[in-house]
Amino acid sequence: MIYIDSAYPATDSIIETEQRTNQMNNLLRIISDLQVSCSYDYLQTLPHVQKYLMSVRYIEELQKFVEDDNYTLSLRIEPGNSSPRLVSSKEDLGGSRESSFSDELSSTVESASGAASSYECSSLSSITIEGPLRRKTVMKEGKKPTLSSWKRYWIVLSGSTLIYFGSKALRANERRHYKSRPCKKISLTGWIVVLPDDPEHPNIFQLNDPDKGNVYKFQTGSRFSAIIWHKHLAEACSCPEAKRTHVIPVFSKMAFNKSMELYKLLGVQHVVIYNTSCGPDLEKLLQHYKREGILEIVPWPIDQFLNPSPGWNFTVHGGDLHYYGQLVTLNECIYRHMYQTEYIFLNDIDEIVMPYKYTNLQLLMEDLQSNNKDVGVFRIENHIFPKTKFEDNHRFRRPEWGNIPGINIMEHIYREPDRKNIYNPTKMIINPRMVMQTSVHSTLKHSGNVYLVPFDVCRLVT
């Protein structure tokens, strides 16, 4: 399969080439015949062998042997000075792969502003840095590829654009070993560059595209080269033409006001807000509820000290803290109020716990706890009320609210149908003295049991 993949590479098209299709079909036919005609019951499965065959290392080593054969064949077919003179050694086929990579990828070049290379690329006005790199796809559109191998490119950074030049040889370490025409150009607008602190792979850095869910690893010749590339790529991702504002989730004045009033009707006695930033109108509303005594505001300017991730997937979004530091605030809230309150509801400000059989949350919790004395975590399913579907009579479409920005939640009374085969995420009401560590939708360390509140007793309205 690797020989076929090397001779007839896969394309992005749904329809593969005829040669590749025929070769793959022939191979699959042989495998099918072997499966039907033979019995392998007598063979003993060895776990360590299975682990090795499934490992990335085995696949990469097999790929390397195939590349060596193809390279030798290419020298026989296309002799001459145009091909690089490279000598194979035992080290090439052995375990010291990182050192051989480093020798081949050592010619990183930093260019002065305004300089341009002599190869064909008329759109480049200036080059920041260029050199040979290996690239490997870690995630494609949020999914891990079935098989991913390292590919060689001569890569040029110009402004906020990354330009790739494919290699003409299997072991290419100089500019002349790469094609003169670029094979792809990528704008770094909104991208994130990460330099992992990994002693085993010091020459690796990573580029993430949060919008498309793509993650790529790049291998340089040394740790110093990786640091240089990271520095310039970080500047490119944050330069004016590539500047992207990550908006921290905020809530309109109308939505916040309605949520607070509903909390009060449901008997909530204390609300805690971790405030990263807000506009002047919302700030006035926060101060109003603070003066009422129901609201506690915890200043949370975390973005002034760290780089919070703008998304939940670290490999895609990077950052120093997961998703704006959400996990930190949840756990901090538990310990802050551990001995000040009987129950804590861990939620977003636009999520409302709606008891269907009780007039308020206090009566709900009294009944739930009396029937489940050993429970410290009550999980409540989340159900969406779409903002595209409105209440038929328009009773709550008040003209005096027309100029207030945000969603009027009272107009949206129809929820999505309950689908038994679809997982509905949950939020929790917890006894803070029985929880040691929590995540967003479930606890990580707790004492006592966990109880999923029945659908007809209570729901989480979003």
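FYI, in the working numbering the residues of the sequence shown are 161 to 622.
Cβ atoms here follow ideal geometry from the backbone N, Cα and C, with glycine treated the same way.
With a cut-off of 8 Å on the beta carbons, I'd call A386 and S320 a contact; round off their distance for me. Cβ-Cβ separation between A386 and S320: approximately 20 Å, too far for a contact (criterion under 8 Å).
Residue ranges of each alpha helix (DSSP H) run of no fewer than 4 residues wholly in the segment 466-526, ordered along the chain? Runs of the alpha helix (DSSP H) inside the segment 466-526: 474-477, 486-496.
Pick from S286, N467, L446 that is closest to P459, judged by C-alpha positions: Ranking the options by Cα distance to P459, first place goes to L446.
Under 9 Å between the Cβ atoms of N368 and Y376? Cβ distance < 9 Å, so N368 and Y376 count as in contact.
Express the C-alpha separation of K345 and E576 in angstroms, rounding to a whole number. Cα to Cα, the separation comes out at about 42 Å.
Are the beta-carbon atoms belonging to R539 and L612 less than 9 Å from one another? Closer than 9 Å, so yes.
Under a Cβ-count criterion, where at least 16 other Cβ atoms within 10 Å of its own Cβ denotes burial, should L187 be classed as buried or exposed? Of the residues assessed, L187 falls on the exposed side of the cut-off, its CB having fewer than 16 other CB atoms within 10 angstroms.
Classify M184 as helix, strand or coil using the three-state DSSP reduction. M184: helix per DSSP, three-state reduction.
Under DSSP, the alpha helix (DSSP H) around K444 begins and ends at which residues? Start and end: 440-452.
Assign N591 to buried or exposed, taking buried as 16 or more other Cβ atoms, counted over all protein chains shown, within 10 Å of its Cβ. Under a 10 Å Cβ-count criterion, N591 is classified as buried, with 16 or more other Cβ atoms of the shown protein chains found around its own Cβ.
Among all the DSSP beta bridges, which residues are the ones paired with G427? Answer by DSSP bridge pairing: none, since G427 is not bridged.
Indicate whether Y484 and S469 have their beta-carbon atoms separated by less than 9 Å. Closer than 9 Å, so yes.
Using alpha carbons as the reference points, say which of R312, N182, G453 lies closest to V432. G453 is the residue among R312, N182, G453 whose C-alpha sits nearest the C-alpha of V432.
Helix, strand or coil for Y212 per DSSP? Y212: helix per DSSP, three-state reduction.
Can you give me the C-alpha to C-alpha distance between E360 and R383, rounded to a whole angstrom? Each residue's alpha carbon lies about 11 Å from the other.
Can you confirm whether V537, when its beta carbon is compared against all beta carbons of chain B, has any partner nearer than 9 Å? Structure shown: chain B not included; a single protein chain is present.
Just how far apart, CA to CA, sit S192 and L203? Cα to Cα, the separation comes out at about 19 Å.
Confirm, please, whether the CB-CB distance from L521 to F505 is below 9 Å. Result yes, Cβ atoms of F505 and L521 sit closer than 9 Å.
Candidates S607, G326, N185, of which the one nearest V316 by Cα: Of the residues S607, G326, N185, the one whose Cα lies closest to the Cα of V316 is G326.
Determine, using beta carbons only, whether V535 and N609 come nearer to each other than 9 Å. Contact: yes.
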